[in-house]
Amino acid sequence: MKNGMDVFRVFDAMNDPRNMKAALQAVRSHGAHAQGTLSYTTSPAHTLQTWLDLTEQLLETGVDSIAIKDMSGILTPMAAYELVSEIKNVLRCACTCTVTPPPGWRRWPC
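Residue numbers (UniProt numbering): 1 to 110.
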């Protein structure tokens, strides 16, 4: 933090908050911003409610905000809108979204 980093994004590839808890607590104990991360994926088990439950578990660890990382480029704009809206409106939590666009999307105008 004394060298300029004040936001630490903590993630676990398995989306297990227990694996993030110690790192998130360490960040908070040093007065920095602890950002819990959802590693986005799709499957029959990964419903909107699954992501909201995981967000609630991360909030219980004391995170300052939530990040959604889509490293594989599978998060569609509509799914992103729905997920971010629910996190912000239902859980009242600041949220950011980082997406790696799939090939072909990079040329689309924003």
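Cβ atoms here follow ideal geometry from the backbone N, Cα and C, with glycine treated the same way.
Check whether residue i and residue j have beta carbons under 9 Å apart
i, j, result
"alanine 26", "aspartate 64", "no"
"lysine 69", "threonine 37", "yes"
"glycine 62", "alanine 34", "yes"
"serine 39", "asparagine 15", "yes"
"proline 17", "leucine 75", "no"
"glycine 73", "threonine 96", "no"
"isoleucine 87", "threonine 50", "no"
DSSP state of residue i mapped onto helix, strand, coil
i, result
"isoleucine 87", "helix"
"valine 63", "coil"
"serine 39", "strand"
"aspartate 53", "helix"
"lysine 69", "strand"
"alanine 13", "coil"
Rounded distance between the beta-carbons of residue j and residue i, thought under 8 Å
i, j, result
"aspartate 48", "leucine 91", "The sequence given here has leucine at residue 48, not aspartate. Wrong, their Cβ atoms sit about 12 Å apart, outside the cutoff."
Rounded straight-line distance, which links the Cα of residue j to that of residue i
i, j, result
"phenylalanine 11", "isoleucine 66", "10 Å"
"proline 44", "lysine 2", "44 Å"
"valine 84", "alanine 23", "24 Å"
"lysine 21", "tyrosine 81", "27 Å"
"arginine 28", "proline 77", "32 Å"
Closest residue to residue i among the options (Cα-Cα distance)
i, options, result
"methionine 71", "Thr98, His30, Asn89", "Thr98"
"histidine 30", "Lys88, Val7, Met78", "Val7"
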